[in-house]
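Enquirer: Going by the working numbering, the first residue of the sequence shown is number 4, and it counts up by one from there. Cβ coordinates follow ideal geometry from the N, Cα and C atoms, glycine included. Note that this is a predicted model, so its numbers are computed, not measured.
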Amino acid sequence: MSTTLSAPSLSPVRAPRLPSAPSSPEGARRLSALLLAAAVATLVVIADQVIDSWADGHLMLAWVMLWALIFGGIALFADSARRVARRAVVALDGWSRSMAEARAEMRLWELAKQDPRLMSELVAARSRDEAEEVESAVASNDFSDALAPIGLPHSAVRSPSYWERLSESRSRNAHLFYI
4 MSTTLSAPSL
14 SPVRAPRLPS
24 APSSPEGARR
34 LSALLLAAAV
44 ATLVVIADQV
54 IDSWADGHLM
64 LAWVMLWALI
74 FGGIALFADS
84 ARRVARRAVV
94 ALDGWSRSMA
104 EARAEMRLWE
114 LAKQDPRLMS
124 ELVAARSRDE
134 AEEVESAVAS
144 NDFSDALAPI
154 GLPHSAVRSP
164 SYWERLSESR
174 SRNAHLFYI
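1) If I measure Cβ to Cβ from Glu133 and keep anything under 6 Å in the same chain, skipping five residues before and after, which residues do I get?
2) Rank Ser123, His61, Leu69, Leu34 by C-alpha distance to the C-alpha of Asp51 and give the top, closest one.
3) Excluding the 5 residues flanking Ala81 on each side, which residues of the same chain have their C-beta closer than 8 Å to its C-beta?
4) For Gly76, does the count of other Cβ atoms within 10 angstroms reach 16, so buried, or fall short, so exposed?
5) Drop a sphere of 10 angstroms on the beta-carbon of Ala84, count the other beta-carbons inside from all chains shown, and report buried for 16 or more, exposed for fewer.
6) If you run the structure through DSSP and keep just helix, strand and coil, what is Val53?
7) In the DSSP assignment, the alpha helix (DSSP H) including Asp96 goes from what residue to what residue?
8) Beta-carbon within less than 8 Å of Ala42's beta-carbon, same chain only, minus the 5 sequence neighbours each way: which residues are those?
9) I need the straight-line Cα distance from Tyr165 to Glu171, nearest angstrom please.
10) Just the C-alpha distance for Glu135 and Ala88, rounded to the nearest angstrom, thanks.
11) Looking at Leu72 and Val47, is the spacing between their C-beta atoms short of 9 Å?
12) To the nearest angstrom, report how far apart Ser101 and Asp118 are at their CA atoms.
13) If you drop the 5 nearest sequence neighbours on each side, which residues of the same chain put their C-beta closer than 6 Å to that of Ala31?
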């Protein structure tokens, strides 16, 4: 029997890693493959309807054209399907994030209704935020509004006339003949 004890490790204990949801590039890859398959399937159906109207003597030519159409469709629609899939995944991620934030805010509000301490903290945070907005509005007031004509949000800026802009553009390009 041993009477010595080993000291516990000073390194933090790591929790077992849980399997997470697939990352967005993987989701975009799957969605782009699905969109690509749908586009190519549509082309194949249309080509099959055209091929059915041909005579039986041209069956080999029809199969060659069908496979050429399939590979051409894959090459043609691959990039656009990938872009559409990435946009869709980003949009869905943003939507789900906003929904999760809304649910969290609703839970916090329901808790604050029952707990007066939490409600007072929320009221204090709201008043601090409003005070910071007022301070930033006052700090950004640099009297340029006083120079603005009535009804315009910013002071009037003189814009060059058409002839001035034309002469400026021609003077910039005057030395290009010697390059």
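Expert: Based on what the coordinates show:
1) As a working note, residue 133 is residue 130 in the sequence shown. Contacts found: none.
2) As a first step, residue 51 is located in the sequence shown; it is residue number 48 there, counting from the start. Of Ser123, His61, Leu69, Leu34, the residue nearest in Cα terms is Leu69.
3) In the sequence shown, the residue the question calls residue 81 occupies position 78. Leaving aside the five residues that flank Ala81 on each side, the residues in its chain whose CB is nearer than 8 Å to its CB run, in chain order, Ser35, Leu39.
4) Taking the first residue of the sequence shown as 1, we reach residue 76 at position 73. So Gly76 ends up on the buried side.
5) Taking the first residue of the sequence shown as 1, we reach residue 84 at position 81. That one is buried.
6) If you number the sequence shown from 1, residue 53 lands on position 50. Three-state result, Val53: helix.
7) For the purposes of this step, residue 96 is identified with residue 93 of the sequence shown, where counting begins at 1. 62-117 is the extent of the alpha helix (DSSP H) around Asp96.
8) Locating residue 42 in the sequence shown gives position 39, where the first residue counts as 1. Taken in chain order, the residues that qualify are Gly76, Phe80, Ala84.
9) Here residue 165 refers to the residue found at position 162 of the sequence shown. Here residue 171 refers to the residue found at position 168 of the sequence shown. Computed Cα separation, rounded: 10 Å.
10) Taking the first residue of the sequence shown as position 1, residue 135 is located at position 132. Taking the first residue of the sequence shown as position 1, residue 88 is located at position 85. Glu135 and Ala88: Cα-Cα distance of roughly 41 Å.
11) Within the sequence shown, the letter at position 44 stands for residue 47. Within the sequence shown, the letter at position 69 stands for residue 72. In this structure, Leu72 lies closer than 9 Å to Val47 by Cβ.
12) Residue 101 sits at position 98 when you count from the first residue of the sequence shown. Residue 118 sits at position 115 when you count from the first residue of the sequence shown. Straight-line Cα distance between these residues: approximately 25 Å.
13) The sequence position of residue 31 within the sequence shown is 28, counting from 1. The answer, listed in chain order, is Ala88, Arg89, Val92.
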